[in-house]
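Taking it in order: structure first as structure tokens, then the write-up.
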Amino acid sequence: MSADDERDVRPATSSGSSRRSFLRGGAAALGGAALALGGRSAWDAAQAAEAPPAPPADADGQATVPFRGPRQAGVDTPPQSFAAFVALDLADGVDRDALIRLMGIWTDDVDRLAAGRAGLTDTEPELAQVPARLTVTLGYGPAVFTAAGLEDRRPSWLRPLPAFEVDRLEDRWNDGDLILQVCADDEVTVSHAVRLLVKEARTFTTVRWVQRGFRRAPGTTKPGTTMRNLMGQVDGTRNVDTGVDPDLVWHTDATGGWLAGGTSMVVRRIAMNLDTWDELDRAGREQAVGRRLADGSPLTGTAEHDEPDLEAKGPNGLDVINPIAHIRRARTENAAERFLRRGYNYDDAPGPGELSASGLVFVTFQADVDRQFVPVQRQLDEADLLNIWTTPIGSAVFAVPPGAHDGEYLGQALFEA
Amino acid sequence: MHTVRTRTARTLAPLTALALTAALAGCASDAEAGADDAGTEQAEQGMQADALSVTDPWVKAVDEGMTAAFGTLVNDSDTDVVVTSAQTDVAGMVELHEVVTDDSGSMTMQEKDGGFVVPAGGEHELAPGGDHVMLMDITGPIEPGVDVSVTLVTEDGSELEVTAPARSFSGAQEEYDPESEMDEMDHEDMDHSDHEEDSDS
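Line by line, the protein sequences give chains A and B. 17 is the number of the first residue of the first sequence in this note's numbering; add one for each residue after it. 75 is the number of the first residue of the second sequence in this note's numbering; add one for each residue after it.
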């Protein structure tokens, strides 16, 4: 569409409709008097009364998520559209004092960027002016505790996940000493934040891997819509609500020690074989998960959030939901074995001879990896129809420290408790 | 726009000025001592540093040699404040610099005549590529994330202590045009952690 076309369309639509409604509604209500009064005042009054309270055109860009508080943002924050997961390794010689300095630098950066302000040394300050709900969530790998001489404070679950049969892990997507999860509703904002955070940390860290992810763009689906992955499935229906089950995600003073207000983060890169997935018809695809593609409803229900009836039998006497359908295998008897999923799609450039390289950056938050995540993953490893088309190719576990109150730096409770 | 650190600088301002007042009156030049009994002297006269604050101060981290401090000088008073010199423990020599285009067209730094004038109710920005506080002969590595204390001295002798966090920074590579007495710094690159980016030499 050319600029001229656009100019033609927009005013015609807006002023045209209000003019019509003025004639229809305003004139009828006011009767002849309005027309007799005529002139600008009656026109303006009608305009003012009928103008909808439209949000500013850049409302999405100017939206912010508070950074300061007892917990880090970006965990139970409604997922933004775009994400970068940046794993970093500590440089040789980085000790507790150096880590504290790094935490101070990052805390200051995030404090500013989340509010739409330029970083302290920001060489592209204009790029910071669109916060777009930016959150940066920091996590620690095991090496942080070693480097800081705080092994005794390392959570027992902070280590690589046990090996699973389905795994085809590539070292380039595994592990990491630190992670920054950078999310925003704008990709430029994400890139700018990542660049600033990484370059200010360059004497402390090297970049180990970066995974970028996306969901639907802002304003393209109704708020609260469950995401779809690139296999076309509604993905993440039965998620943990931290308002209902905060203890599934957040450590408390009673359980957490320095980790009170913190959590753990698992990042798994799960490749999708869309070529073989394409060979499957819709019924087969729905069988694989146990949900309908159209709306994510379980095959035994009519709406997305209906509870699946795992006992239901079809006319042929077989289970309506396949014995190894994903939703059956992804749940255990134990309600405590659940976790918050906050994944993103990825779609990289394909390798030679490939049509695509797509998948899911599968991201979960849970208070305890061993107690919540591992049992479920073991079960899926044993049997899950989806395993035919999905392959974990990367895996990393991090401890997510609590948030930073005013005047504090991220991780202060760990380094100074 | 003020950061926590800036607020620190702000609250330090009257303390430091008071300490200086006390020192001028013959007391020990100890900030604590000065702050304790200086209540009456506060109202005596508006010291320039009282009106001065620095928003977003920072120092470029370096391993050795020279570096610079930046930030926005803010003057809350209705008269101009002139910063005439600066001091810090981390550098053997400190100068107030500007960046100018020399005869060959390249940008060089030189000492700023008359210091930094912060206009009444206004600001004066210190930034890479512009005016800055030049720290020379630094006494040791300035590591990213450390806080560097820089004291700004105004025309009337009053002082503002500023806490400037150090940050890795690739810019601020302007050549320093050496005065005759500073030959040893000839064409020394400010940033020794990055490689040769000398623009002319």
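Backbone N, C-alpha and C define an ideal beta-carbon position, used for all residues, glycine too.
Endpoints, alpha helix (DSSP H) assigned at residue i
{"i": "Val146 (chain A)", "result": "That residue, Val146 (chain A), is in no alpha helix (DSSP H); it is neither H nor E in DSSP."}
{"i": "Ala373 (chain A)", "result": "First-last for Ala373 (chain A): 373-382, but that is the beta strand (DSSP E), not the alpha helix (DSSP H)."}
{"i": "Arg345 (chain A)", "result": "342-345"}
{"i": "Gln227 (chain B)", "result": "It should be pointed out that residue 227 (chain B) corresponds to Val in this sequence rather than to Gln. Element bounds for Val227 (chain B): not the alpha helix (DSSP H) but the beta strand (DSSP E), 221-228."}
{"i": "Thr271 (chain A)", "result": "269-272"}
{"i": "Asp124 (chain B)", "result": "122-125"}
{"i": "Ala67 (chain A)", "result": "Note, Ala67 (chain A): premise wrong, no alpha helix (DSSP H); not H, not E."}
{"i": "Ala429 (chain A)", "result": "428-432"}
Residue i: contacting residues in chain A (beta-carbon distance under 8 Å)
{"i": "Glu217 (chain B)", "result": "Ala114, Arg117, Thr219"}
{"i": "Gly179 (chain B)", "result": "By Cβ distance, chain A contributes nothing, its closest Cβ being about 23 Å from Gly179 (chain B), past 8 Å."}
{"i": "Asp130 (chain B)", "result": "Leu136"}
Per DSSP, the bridge partner or partners of residue i
{"i": "Met140 (chain B)", "result": "BP columns for Met140 (chain B) are empty, so no partner."}
{"i": "Lys186 (chain B)", "result": "Answer is none; Lys186 (chain B) lacks a bridge partner."}
{"i": "Trp132 (chain B)", "result": "B:Phe144"}
{"i": "Gly229 (chain A)", "result": "A:Ala99"}
{"i": "Thr175 (chain B)", "result": "B:Met181"}
{"i": "Ile216 (chain B)", "result": "B:Val136"}
{"i": "Glu169 (chain B)", "result": "B:Met208"}
{"i": "Arg357 (chain A)", "result": "A:Thr380"}
{"i": "Pro314 (chain A)", "result": "A:Arg307"}
{"i": "Thr222 (chain A)", "result": "A:Asp105"}
{"i": "Lys329 (chain A)", "result": "A:Asp335"}
Nearest-angstrom beta carbon gap, residue j and residue i [assumed within contact, 8 Å]
{"i": "Pro158 (chain A)", "j": "Arg170 (chain A)", "result": "6 Å"}
{"i": "Pro147 (chain A)", "j": "Leu129 (chain A)", "result": "7 Å"}
{"i": "Ala100 (chain A)", "j": "Arg188 (chain A)", "result": "In fact, because the Cβ distance is near 16 Å, the residues do not count as touching under 8 Å."}
{"i": "Leu264 (chain A)", "j": "Phe355 (chain A)", "result": "7 Å"}
{"i": "Val155 (chain B)", "j": "Leu200 (chain B)", "result": "Actually they do not touch by this definition, with Cβ atoms about 14 Å apart."}
{"i": "Asp130 (chain B)", "j": "Thr146 (chain B)", "result": "6 Å"}
{"i": "Leu430 (chain A)", "j": "Trp266 (chain A)", "result": "16 Å between Cβ atoms; not a contact."}
{"i": "Trp132 (chain B)", "j": "Thr137 (chain A)", "result": "6 Å"}
{"i": "Arg254 (chain A)", "j": "Val377 (chain A)", "result": "In fact, because the Cβ distance is near 19 Å, the residues do not count as touching under 8 Å."}
{"i": "Ser97 (chain A)", "j": "Ala233 (chain A)", "result": "5 Å"}
{"i": "Gly155 (chain A)", "j": "Phe414 (chain A)", "result": "3 Å"}
{"i": "Arg149 (chain A)", "j": "Val81 (chain A)", "result": "5 Å"}
{"i": "Ala399 (chain A)", "j": "Arg345 (chain A)", "result": "6 Å"}
{"i": "Glu172 (chain B)", "j": "Lys186 (chain B)", "result": "4 Å"}
{"i": "Thr141 (chain B)", "j": "Leu209 (chain B)", "result": "5 Å"}
{"i": "Val214 (chain A)", "j": "Val102 (chain A)", "result": "7 Å"}
{"i": "Met281 (chain A)", "j": "Ile195 (chain A)", "result": "7 Å"}
{"i": "Leu177 (chain A)", "j": "Gln393 (chain A)", "result": "7 Å"}
{"i": "Pro418 (chain A)", "j": "Arg184 (chain A)", "result": "Incorrect: roughly 35 Å between the Cβ atoms, too far for contact."}
Chain-ordered chain B contacts of residue i [CB-CB under 9 Å]
{"i": "Leu150 (chain A)", "result": "The contacting residues do not exist; Leu150 (chain A) stays about 18 Å from chain B at best."}
N- and C-terminal bounds of the beta strand (DSSP E) containing residue i
{"i": "Val416 (chain A)", "result": "406-416"}
{"i": "Arg277 (chain B)", "result": "Lying outside 75 to 275, the shown extent of chain B, residue 277 (chain B) is not represented and no answer is given."}
{"i": "Gln161 (chain B)", "result": "155-162"}
{"i": "Trp211 (chain B)", "result": "Reading the sequence as shown, one finds Asp at residue 211 (chain B) and not Trp. From DSSP, the beta strand (DSSP E) with Asp211 (chain B) extends over 206-212."}
{"i": "Glu76 (chain A)", "result": "Residue identity differs from the one stated: residue 76 (chain A) is Asp in this sequence, not Glu. Premise fails: Asp76 (chain A) lies in the alpha helix (DSSP H), 75-78, not in any beta strand (DSSP E)."}
{"i": "Leu200 (chain B)", "result": "197-200"}
{"i": "Asp397 (chain A)", "result": "No beta strand (DSSP E) contains Asp397 (chain A), which is instead part of the alpha helix (DSSP H) from 390-398."}
{"i": "Asn245 (chain A)", "result": "Asn245 (chain A) -> no beta strand (DSSP E), and no H or E assigned at all."}
Within chain A, partners of residue i - CB distance below 7 Å
{"i": "Val220 (chain B)", "result": "Arg117"}
{"i": "Phe243 (chain B)", "result": "Thr137"}
Contacts of residue i in chain B (Cβ-Cβ under 8 Å)
{"i": "Glu432 (chain A)", "result": "Per Cβ cutoff of 8 Å: no residues; Glu432 (chain A) is ~15 Å from chain B at best."}
{"i": "Glu216 (chain A)", "result": "Pro218, Arg241, Ser242"}
{"i": "Gly120 (chain A)", "result": "Gly219, Pro239"}
Jot down the residue ranges of each uninterrupted alpha helix (DSSP H) in the segment 277-305 of chain A, minimum 4 residues, whole runs only, in chain order.
-> 290-293, 298-305
Any alpha helix (DSSP H) of 4 or more consecutive residues that is wholly inside the segment 130-204 of chain A = 158-163
Beta strand (DSSP E) runs wholly inside the segment 99-129 of chain A, at least 3 long, in chain order = none
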